[in-house]
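Residue numbers (the UniProt record's numbering): 1 to 259. We put the beta carbon where it would ideally sit given N, CA and C, even for glycine. Fair warning: this is a prediction, and the values are worked out from it, not measured in the lab. For reference, the structure discussed in these notes is given below.
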Amino acid sequence: MYSKCGNLDLACRVFDTMEEKNEVSWNSIIAAYGNHGCLKDSLNLFHGMLGDGIQPDHVTFLAIISACGHAGQVDEGIHYFRCMTEELGIMARMEHYACMVDLFGRAGRLNEAFGMINSMPFSPDAGVWGTLLGACRLHGNVELAEVASRNLFDLDPQNSGYYVLLSNVHANAGQWESVLKIRSLMKERGVQKVPGYSWIDVNNTTHMFVAADRSHPQSSQIYLLLKNLFLELRKEGYVPQLYLPMHPQTMGLQSSEKG
């Protein structure tokens, strides 16, 4: 609970006061530090777990490999994946392969990410292919994005997010004919994009916000505040990405962005 709130000190204090620590408590604290970018602390805890005589399990290595990915430490991630599979004989699960694809993908090593998928002893699920597609969008790899999306369309043909991601890859590469083909494919298959949304509780009242929506009763005040925040950000040197091909009305600020 404390770690999810970002309070690692309290989380660690609770952990330290535990008289008996099992693999669940060790895994929790290792994941807590890893999720907050503290790879060195996660690895120290991992070795502390071993020193305490607790055998790591598949959850432990999921936390460690994920932490390596977020810290950009690819070689460390490879080391612990091999440690899990070769030294300890723990069979890698779908989640571990997804983490490894993410590890390579974040670092721009997309061919290695694809190689990891091809080495899997079972068929990759949508989570694995989706991770590769997201990395392709980040690094602009159109060829692998096409490969990933073809598999995703077979596995989950009604998920609009995959079409949008692929469309963005092509749009960022200036391939507008491909963008139109993807939109036509969505229409042909009856796939509709679900708007992004979020919630926030203010004074015990839940407010729902939908992308490019102005139906909220305080919409005018909200967008005015948002516009002012963007102005303040620009004063501080923030440079926004001015185009998102599938979202021409992003943040409802298209008119101010054009000026």
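The alpha helix (DSSP H) enclosing residue i, as first and last residue numbers
| i | result |
| --- | --- |
| residue 100 | 94-106 |
| residue 169 | 160-172 |
| residue 142 | 142-155 |
| residue 75 | 74-82 |
| residue 273 | Outside the shown range of the chain, which is 1 to 259, sits residue 273, and nothing can be said about it. |
| residue 62 | 58-71 |
| residue 234 | 219-235 |
| residue 193 | Here residue 193 belongs to no alpha helix (DSSP H), and DSSP marks it neither H nor E. |
Pairwise C-alpha distance: residue j and residue i
| i | j | result |
| --- | --- | --- |
| residue 96 | residue 87 | 16 Å |
| residue 18 | residue 53 | 16 Å |
| residue 127 | residue 13 | 35 Å |
| residue 92 | residue 100 | 10 Å |
| residue 236 | residue 189 | 45 Å |
| residue 131 | residue 98 | 7 Å |
| residue 259 | residue 172 | Residue placement at residue 259 is flagged as unreliable, the pLDDT there being 35, under the threshold of 50; the coordinate-derived value follows with that caveat. Cα to Cα, residue 259 sits roughly 22 Å from residue 172. |
| residue 94 | residue 220 | 46 Å |
| residue 186 | residue 210 | 21 Å |
| residue 180 | residue 170 | 10 Å |
| residue 43 | residue 21 | 17 Å |
| residue 213 | residue 80 | 45 Å |
| residue 15 | residue 25 | 7 Å |
| residue 78 | residue 65 | 8 Å |
| residue 121 | residue 40 | 31 Å |
Within 7 Å, strictly: CB atoms of residue i and residue j
| i | j | result |
| --- | --- | --- |
| residue 90 | residue 47 | no |
| residue 182 | residue 160 | no |
| residue 74 | residue 103 | yes |
| residue 165 | residue 133 | yes |
| residue 30 | residue 45 | yes |
| residue 60 | residue 35 | no |
| residue 129 | residue 152 | yes |
| residue 149 | residue 162 | yes |
| residue 202 | residue 158 | no |
| residue 115 | residue 139 | no |
| residue 105 | residue 135 | yes |
Beta-carbon separation (whole angstroms), residue i vs residue j, contact threshold 8 Å
| i | j | result |
| --- | --- | --- |
| residue 8 | residue 32 | 6 Å |
Bounding residues of the beta strand (DSSP E) (the contiguous stretch that carries residue i)
| i | result |
| --- | --- |
| residue 205 | 205-210 |
| residue 30 | Run containing residue 30: none in the beta strand (DSSP E); it sits in the alpha helix (DSSP H), 23-35. |
| residue 197 | 197-202 |
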